[in-house]
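Sequential numbering of the sequence shown, starting at 2, is according to the working numbering.
Don't be surprised by glycine CBs; every beta carbon is placed ideally from N, CA and C.
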Amino acid sequence: MVSQEFKIQVLETFAALITAAFGLVAALAWNETIKTAVAQVFNSDDSLIGLLVYAIIVTVLAVIMTIYIARALGKAKAAVEKKN
(Lines of atoms letter the chains of each structure in order from A and count residues from 1; the text may use other names and numbers.)
(Lines give C-alpha, C1' and ligand atoms only; values in the text may rest on other atoms or scores of the structure.)
Protein backbone atom coordinates (compact mmCIF):
# COMPACT_ATOMS: atom_id res chain seq x y z
CA MET A 1 0.00 0.00 0.00
CA VAL A 2 1.30 3.44 -0.98
CA SER A 3 1.29 6.05 1.76
CA GLN A 4 -0.56 9.34 1.41
CA GLU A 5 2.70 11.22 1.95
CA PHE A 6 4.26 9.42 -1.03
CA LYS A 7 1.25 10.29 -3.21
CA ILE A 8 1.62 13.96 -2.28
CA GLN A 9 5.34 13.87 -3.11
CA VAL A 10 4.58 12.32 -6.50
CA LEU A 11 1.94 14.99 -7.23
CA GLU A 12 4.31 17.78 -6.17
CA THR A 13 7.08 16.36 -8.35
CA PHE A 14 4.81 16.07 -11.38
CA ALA A 15 3.56 19.63 -10.83
CA ALA A 16 7.13 20.92 -10.62
CA LEU A 17 8.21 19.04 -13.76
CA ILE A 18 5.21 20.19 -15.80
CA THR A 19 5.70 23.78 -14.65
CA ALA A 20 9.38 23.62 -15.54
CA ALA A 21 8.52 22.25 -18.98
CA PHE A 22 6.16 25.15 -19.69
CA GLY A 23 8.78 27.58 -18.41
CA LEU A 24 11.31 26.08 -20.80
CA VAL A 25 8.94 26.40 -23.76
CA ALA A 26 8.24 30.05 -22.89
CA ALA A 27 11.96 30.73 -22.49
CA LEU A 28 12.73 29.16 -25.86
CA ALA A 29 9.97 31.20 -27.50
CA TRP A 30 11.34 34.43 -26.06
CA ASN A 31 14.84 33.38 -27.05
CA GLU A 32 13.80 33.08 -30.67
CA THR A 33 11.94 36.40 -30.50
CA ILE A 34 14.92 38.21 -29.10
CA LYS A 35 17.23 36.64 -31.67
CA THR A 36 14.91 37.77 -34.45
CA ALA A 37 14.62 41.28 -33.00
CA VAL A 38 18.38 41.59 -32.96
CA ALA A 39 18.59 40.20 -36.50
CA GLN A 40 15.98 42.72 -37.65
CA VAL A 41 17.84 45.62 -36.12
CA PHE A 42 20.79 44.54 -38.22
CA ASN A 43 18.60 44.17 -41.37
CA SER A 44 18.14 40.41 -41.45
CA ASP A 45 14.96 38.78 -42.87
CA ASP A 46 13.05 36.92 -40.12
CA SER A 47 9.44 37.27 -38.99
CA LEU A 48 9.59 39.22 -35.73
CA ILE A 49 5.82 39.65 -35.48
CA GLY A 50 5.21 35.92 -35.86
CA LEU A 51 7.76 35.02 -33.21
CA LEU A 52 6.53 37.76 -30.87
CA VAL A 53 2.95 36.51 -31.12
CA TYR A 54 4.19 32.96 -30.59
CA ALA A 55 6.19 33.97 -27.52
CA ILE A 56 3.23 35.83 -26.01
CA ILE A 57 0.88 32.89 -26.63
CA VAL A 58 3.30 30.39 -25.12
CA THR A 59 3.93 32.63 -22.11
CA VAL A 60 0.21 33.12 -21.47
CA LEU A 61 -0.37 29.38 -21.85
CA ALA A 62 2.48 28.66 -19.44
CA VAL A 63 1.03 31.05 -16.85
CA ILE A 64 -2.48 29.63 -17.20
CA MET A 65 -1.28 26.03 -17.00
CA THR A 66 0.93 26.83 -14.01
CA ILE A 67 -2.03 28.33 -12.17
CA TYR A 68 -4.22 25.37 -13.15
CA ILE A 69 -1.60 22.86 -11.99
CA ALA A 70 -1.06 24.70 -8.70
CA ARG A 71 -4.82 24.77 -8.02
CA ALA A 72 -5.17 21.08 -8.86
CA LEU A 73 -2.29 20.27 -6.56
CA GLY A 74 -3.84 22.37 -3.79
CA LYS A 75 -7.17 20.55 -4.17
CA ALA A 76 -5.44 17.16 -4.15
CA LYS A 77 -3.50 18.08 -1.02
CA ALA A 78 -6.66 19.32 0.68
CA ALA A 79 -8.49 16.10 -0.21
CA VAL A 80 -5.66 13.95 1.15
CA GLU A 81 -5.41 16.02 4.34
CA LYS A 82 -9.19 15.90 4.78
CA LYS A 83 -9.05 12.10 4.55
CA ASN A 84 -6.46 11.97 7.30
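Query, Result
"Using alpha carbons as the reference points, say which of Y69, E13, A27 lies closest to V54.", "A27"
"Under DSSP, the alpha helix (DSSP H) around F15 begins and ends at which residues?", "5-42"
"Using 8 Å as the threshold, is the segment 64-83 in touch with the segment 30-44, meaning 3 or more CB pairs across them?", "no"
"Between T14 and V64, what straight-line distance do the alpha-carbon atoms span, to the nearest angstrom?", "18 Å"
"Tell whether a beta-carbon distance below 8 Å holds between I19 and I50.", "no"
"Rounded to the nearest angstrom, what separates R72 and F23 at their Cα positions?", "16 Å"
"With distances taken from CA atoms, which of K84, L25, A38, G75 is nearest V59?", "L25"
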